[in-house]
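One structure is given below, encoded as structure tokens.
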């Protein structure tokens, strides 16, 4: 089986109401993630900083523009098994603040977007 490495940058987006921004994945090719709720983010593209990845992905997935702050001091490594390859994914997460809100999604891999209270 072929092996790949992928770098992902996520945005932990908080608003002034103390809510966190969540997206619901819609990707039946990855059963372990399909229909689960997560924070927005995605794959780092060639030549792009992790901060630029967060800004781009949050905007693409949610319609919201963010300012990117500090990276959280813990990264995550996970292996996802696809039909024809195994993928080692490295995930980095950044604290973000809303700059311009316009909640929507046009991303086919995102089923829903919502703000959720932190205590939920």
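In the numbering used here, the protein residues as written are 4 to 123. All C-beta atoms in this analysis are idealised placements derived from N, C-alpha and C, irrespective of residue type, glycine included. Keep in mind it's a predicted model, so treat the numbers as computed, not measured.
Check                                                                                                                                                                   : Outcome
Take residue 80 and list the residues in its own chain whose beta-carbon comes closer than 6 Å to its own, dropping the five residues that flank it on each side.       : 93
Alpha carbon to alpha carbon, how far is residue 65 from residue 6?                                                                                                     : 30 Å
Can you find the residues in the same chain that come closer than 8 Å, C-beta to C-beta, to residue 124, ignoring five residues on each side of it along the sequence?  : One cannot answer for residue 124 here, as it falls past the ends of the chain, which runs 4 to 123.
Could you check whether residue 38 and residue 106 sit closer than 8 Å to each other, using their CB atoms as the reference points?                                     : no
What did DSSP end up calling residue 8 once you bin it into helix, strand or coil?                                                                                      : strand
Is residue 119 closer than 8 Å to residue 51 when the C-beta atoms are compared?                                                                                        : no
For residue 18, which residues from the same chain have a beta carbon less than 7 Å from its beta carbon, with the 5 sequence-adjacent residues on both sides left out? : 101 and 118
Residue 115 lies in the beta strand (DSSP E); which residues open and close that run?                                                                                   : 113 to 120
On a Cα-Cα basis, can you pick out the residue from 30, 4 and 47 that is closest to residue 10?                                                                         : 47
So which of 104, 90 and 62 has the shortest CA-CA distance to residue 43?                                                                                               : 62
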